[in-house]
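**Student:** Provided herewith is a single structure, encoded as structure tokens, for subsequent inquiry.
Protein chains in written order, with my numbering: chain A, 1 to 647; chain B, 648 to 881.
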């Protein structure tokens, strides 16, 4: 229903009809008004002919005629009244009848003025009376009798009644016409730019013109219309008035069309965006930001200043030339004009060079943008047109970038494949290992010769170590792949160290290497609780395994404002013939010769876990001292209460 | 322990053979199946007291089989998988498995877990069906009789010292809550606890050795590294 209405109200046919209707109504209004202008002596406040300005004018014109008669003895043109004027001995009249007697009898159209009295018809308006009293000031008449022609006056009265009726009618119609035009314009403004098909705003070609031009034309049209209306209403009659009326209408309709265009613009929110002022503002802002010469920091600015200096020098030379010519040859107009022309050519050349420089600068900017985008890993496309001298460079950069991206992608793919491979391999290793361990256990339970039982025990131990290594390998490959998401929480590193030391108490005792911790009361860090344990366990395990008997392990936690460091130092029981980097490489074990328990992945796992916390693991070797340093991101000093966490 | 019927399911025949032999040595009757569908068929025909189920199998994997079994029966299920990650473990336990072991398994541990599951199932009924006894806190296979002051693990009483008992009671009364060492110390010893991490940890370790099948991989009493200790809410 709503859509139907929308479709109907926004249909182009209806809009066109409304526009035409507006024109027609305006035309009718104007037509009536032109006729009304003809009747400018008819007022709605004067329903009676005898009260009317037209009647007063008639009488006034008759009196005027009489004045002419006293001066020149006769009156020219057609007159519709009889008069008798007496001034001293002179008497003027145009009637055969005895006007004095008619005047004495009185009547509807009879006026008699003497020095003593004024006889006027009943109901004569105050204005007309005042006119009669004023006669003495301009005429030397002693008596003046005016008898209007009855037939003519009746005819005039009828005409006046008709005109009055029309004026009244016009008065009412005027408001109706204004209201109708107002409504139509409001409707047109409302549906401007809309169609029944969609909710989009459709702009016409003219709507793309700058706002200032539209507004300016609209203002000019408004002034023209105003003037035309004034002229129309002022003095013109008949055909001329109708011609002006047509002009009024044309101006009005063009103005309306422009108004609708402005309305569409406003609806689209483009009044400001399309304005010339806006473009100027943007240009100034652009210049102020200095983006014009962004790249030209070195290249462009120098070029610009060079151009400016050259241009200025040329102009100075021209001025000097002018002076020289003036001084030595006198001011010959031709010479001066030539010099002036040369100067203008200089300025024009300078401007041309500046524009070209700006264009080249923009091309350089585009190239820089492309390089920047490539450097930050974004999509790059050659943006320069083929005719630009930098087009080829742009293409080459794009090709270079594509190559880098491809190799990155393939590196990522191969890393992912490696993780997948390790996952699959570890599964394929685990299945036979499960059988091996299971059957070795069953074998152990058999009654075997002592020697065979020893062999089985060795096999059992080695298979368990193999299982341990496979698990470590899997853990490491998972951790380095970064595929797992780790949820970090604030943990107390000091408490974790206490717990780990207590948990590994047996192992420490067994190894016979005492641990000497130096710990603050607490140190909160961001970590994941199982992985944190694994890190602490691995580095402690490593220290215990490779320490020289009779030495100690020193463990220290140091809390700094934004990070917490844990360092663990032990004295190696052998010469460390490897570098700090090598030890963190996967599968590199401290002692290359000795076979010890463990997979050799402990430190690597600890390192990748530390990375997953956003922390770092660093190894430093000084003589026989082997130090592992863990640095964590510090958590807020007041971590949430445990009870709160539990709730 | 009386003889039980155990269904062992794995697509690797040698693994099934090794497990079967291990369990038969303990005196159980063992049924073998090599994928999930076969296992379901056997379950329909025979009474089974425990299922040991591999996760990755052809035709029907262990997780789907677990869900199928759980629709009809509450027989205990032990998942055995080469997947070692916590997420896999949690997924298995949350769909209805009773225990989870990773491959390669330790035969002694497997035997112990089988024993615990069977005892819990046959003497106490299922975990869900365990009758609530007054004054007894039940937590998985743990039952703490606060009146008799006895802790039973899968129906077997465990000897605890007075301090150990108080720690267990404190933690079992608040399952799932993490307590720091000093909180536990203050509650159990009734003294302000400073630098008591070692003392508490030593007790925790001893308790774990008594109540856990694999103290290094505890089921009940867990250390939350860097925060404290908690009794898992099961």
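Every residue gets a Cβ at the ideal spot worked out from N, C-alpha and C, and that includes glycine.
This one's a predicted model, so the numbers in the text were calculated from it and none came from an experiment.
(1) Between which two residues does the alpha helix (DSSP H) carrying residue 412 of chain A extend?
(2) Taking Cβ positions only, does residue 848 of chain B come closer than 8 angstroms to chain A?
(3) When you compare each of B:793, B:875, B:863, B:708 to residue 809 of chain B by their alpha carbons, which one comes out closest?
(4) Starting from the C-beta of residue 193 of chain A, find all residues in its chain whose C-beta is less than 6 angstroms away, skip the five residues before and the five after it, and write them out in chain order.
(5) Taking C-alpha atoms, which residue in A:96, A:111, A:97 lies nearest to residue 103 of chain A?
(6) Do you know how far the Cα of residue 305 of chain A is from the Cα of residue 367 of chain A?
(7) What is the residue span of the beta strand (DSSP E) that residue 570 of chain A lies within?
(8) Just checking, does the region 143–159 of chain A make contact with the region 89–103 of chain A on the three C-beta pairs under 8 angstroms criterion?
(9) Please confirm if residue 504 of chain A has its CB atom under 8 angstroms from at least one CB of chain B.
(10) Compile a chain-ordered list of the residues in the region 744–763 of chain B whose CB is closer than 7 angstroms to at least one CB of chain E.
(11) Going by DSSP, which residues form a beta bridge with residue 747 of chain B?
(12) DSSP three-state label for residue 488 of chain A, please.
(13) So is residue 381 of chain A buried or exposed if we call it buried at 16+ other beta carbons inside 10 Å?
(14) With a threshold of 8 angstroms between beta-carbons, can residue 391 of chain A be considered close to chain B, or not?
(15) CA-CA distance, residue 710 of chain B and residue 499 of chain A?
(16) Just grab the DSSP bridge partners of residue 858 of chain B for me.
(17) When you compare the CB of residue 563 of chain A with every CB in chain B, is at least one pair closer than 8 angstroms?
(18) At 8 angstroms on the CB atoms, spell out the chain B contacts of residue 431 of chain A, in chain order.
(19) Hey, would you say residue 384 of chain A sits closer than 8 angstroms to residue 376 of chain A, going by beta carbons?
(20) Quick one: list the residues of chain B neighbouring residue 474 of chain A, beta-carbon separation under 8 angstroms, in chain order.
(21) Assign residue 885 of chain B to one of three DSSP states: helix, strand, or coil.
(22) In angstroms with no decimal places, state the Cα-to-Cα distance between residue 318 of chain A and residue 386 of chain A.
(23) Assuming residue 632 of chain A contacts residue 493 of chain A (C-beta within less than 8 angstroms), just tell me the rounded distance between them.
(24) Locate the alpha helix (DSSP H) running through residue 205 of chain A, then write down its first and last residues.
(25) On the three-state DSSP scale, how would you describe residue 878 of chain B?
(26) Chain A beta carbons: is any one of them nearer than 8 angstroms to that of residue 666 of chain B?
(27) Provide the residue(s) that pair with residue 148 of chain A in DSSP beta bridges, ordered along the chain.
(28) For residue 71 of chain A, does the three-state DSSP call read helix, strand or coil?
(29) Listing by chain order, which chain B residues have their CB less than 7 angstroms from the CB of residue 439 of chain A?
(30) How many angstroms separate the CA atom of residue 876 of chain B from the CA atom of residue 636 of chain A?
(31) Measuring alpha carbon to alpha carbon, tell me which residue in B:847, B:657, B:722 is nearest residue 695 of chain B.
(32) For residue 697 of chain B and chain A, any beta-carbon pair shorter than 8 angstroms?
(33) Need the endpoints of the alpha helix (DSSP H) that residue 351 of chain A sits in, please.
(34) Compute the distance between the beta-carbons of residue 460 of chain A and residue 488 of chain A, then report whether it is under 8 angstroms.
(35) Please report how far the alpha carbon of residue 700 of chain B lies from the alpha carbon of residue 665 of chain B, in whole angstroms.
(36) Could you check if residue 402 of chain A is buried or exposed, using at least 16 other CB atoms within 10 Å of its CB as the buried criterion?
**Tutor:** This is what the structure holds:
(1) Counting from 1 along the first chain, the entry for residue 412 of chain A is found at position 412. Per DSSP, residue 412 of chain A belongs to the alpha helix (DSSP H) from 391–445.
(2) On the second chain, residue 848 of chain B is found 201 positions in, with the first residue counted as 1. Closer than 8 angstroms to some Cβ of chain A, the Cβ of residue 848 of chain B qualifies, so yes.
(3) Taking the second chain and counting its residues from 1, the one referred to as residue 809 of chain B is at position 162. Cα-wise, what sits closest to residue 809 of chain B is B:793.
(4) What you label residue 193 of chain A is simply residue 193 of the first chain in a count that begins at 1. Within the same chain, residue 193 of chain A has close Cβ partners 201, 202, 264, 267.
(5) Mapped onto the first chain, residue 103 of chain A falls at position 103. Checked all of A:96, A:111, A:97; the closest Cα to residue 103 of chain A is A:111.
(6) Taking the first residue of the first chain as position 1, residue 367 of chain A is located at position 367. Taking the first residue of the first chain as position 1, residue 305 of chain A is located at position 305. About 23 angstroms.
(7) Here residue 570 of chain A corresponds to residue number 570 of the first chain, with the count starting at 1. Start and end: 563–571.
(8) yes
(9) On the first chain, position 504 is the one that residue 504 of chain A refers to. Taking Cβ atoms only, chain B never reaches closer than 8 angstroms to residue 504 of chain A, which makes this a no.
(10) Judged by its chain identifiers, the structure shown contains no chain E, and its protein chains are A and B.
(11) Counting from one through the second chain, the residue named residue 747 of chain B turns up at place 100. BP columns for residue 747 of chain B point to B:726.
(12) In the first chain, residue 488 of chain A corresponds to position 488, counting from 1. It is coil, neither helix nor strand.
(13) Taking the first chain and counting its residues from 1, the one referred to as residue 381 of chain A is at position 381. That one is exposed.
(14) As a working note, residue 391 of chain A is residue 391 in the first chain. Judged by the 8 angstroms Cβ criterion, residue 391 of chain A is not in contact with chain B.
(15) Counted from its first residue, the second chain places residue 710 of chain B at position 63. Counted from its first residue, the first chain places residue 499 of chain A at position 499. Rounded to the nearest angstrom, the two C-alpha atoms are 35 angstroms apart.
(16) Residue numbering aside, residue 858 of chain B sits at position 211 when the second chain is read from its first letter. According to DSSP, which records beta bridges pairwise, residue 858 of chain B is partnered with nothing at all.
(17) Position 563 of the first chain, counting from 1, holds the residue named residue 563 of chain A. Cβ-Cβ to chain B under 8 angstroms: no for residue 563 of chain A.
(18) As a working note, residue 431 of chain A is residue 431 in the first chain. Ordered by position in chain B, the residues that pass the 8 angstroms Cβ test against residue 431 of chain A are 659, 662, 729, 750.
(19) For the purposes of this step, residue 384 of chain A is taken as the residue at position 384 of the first chain. For the purposes of this step, residue 376 of chain A is taken as the residue at position 376 of the first chain. Cβ distance not < 8 angstroms, so residue 384 of chain A and residue 376 of chain A don't count as in contact.
(20) Counted from its first residue, the first chain places residue 474 of chain A at position 474. Within chain B, the residues near residue 474 of chain A are 731.
(21) One cannot answer for residue 885 of chain B here, as it falls past the ends of chain B, which runs 648 to 881.
(22) Looking up residue 318 of chain A in the first chain gives position 318. Looking up residue 386 of chain A in the first chain gives position 386. Their backbone Cα atoms lie some 40 angstroms apart in a straight line.
(23) To locate residue 632 of chain A, count along the first chain from 1; it is residue 632. To locate residue 493 of chain A, count along the first chain from 1; it is residue 493. That pair is a contact at about 7 angstroms.
(24) Taking the first residue of the first chain as position 1, residue 205 of chain A is located at position 205. Run containing residue 205 of chain A: none; DSSP gives neither H nor E here.
(25) If you number the second chain from 1, residue 878 of chain B lands on position 231. Strand at residue 878 of chain B.
(26) Working through the second chain from its first residue, we reach residue 666 of chain B at position 19. Closer than 8 angstroms: yes.
(27) For this step, residue 148 of chain A is matched to residue 148 along the first chain. The partner list for residue 148 of chain A (beta bridge, DSSP) reads A:81.
(28) Your numbering for residue 71 of chain A matches position 71 in the first chain. Helix at residue 71 of chain A.
(29) Counted from its first residue, the first chain places residue 439 of chain A at position 439. Chain B residues near residue 439 of chain A: 665.
(30) Counting from one through the second chain, the residue named residue 876 of chain B turns up at place 229. Counting from one through the first chain, the residue named residue 636 of chain A turns up at place 636. Cα to Cα, residue 876 of chain B sits roughly 22 angstroms from residue 636 of chain A.
(31) The residue given as residue 695 of chain B occupies position 48 in the second chain. Of B:847, B:657, B:722, the residue nearest in Cα terms is B:722.
(32) As a first step, residue 697 of chain B is located in the second chain; it is residue number 50 there, counting from the start. Not an interface residue.
(33) Taking the first residue of the first chain as 1, we reach residue 351 of chain A at position 351. Taken as a continuous stretch (DSSP letters only), the alpha helix (DSSP H) holding residue 351 of chain A covers 333–375.
(34) By 1-based counting over the first chain, the position of residue 460 of chain A is 460. By 1-based counting over the first chain, the position of residue 488 of chain A is 488. No, these two residues do not count as a Cβ contact at 8 angstroms.
(35) As a first step, residue 700 of chain B is located in the second chain; it is residue number 53 there, counting from the start. As a first step, residue 665 of chain B is located in the second chain; it is residue number 18 there, counting from the start. Near 14 angstroms, if we compare the C-alpha coordinates of residue 665 of chain B and residue 700 of chain B.
(36) Numbered from its first residue, the first chain carries residue 402 of chain A at position 402. Looking at its Cβ environment, which holds fewer than 16 other Cβ atoms inside 10 Å, residue 402 of chain A is exposed.
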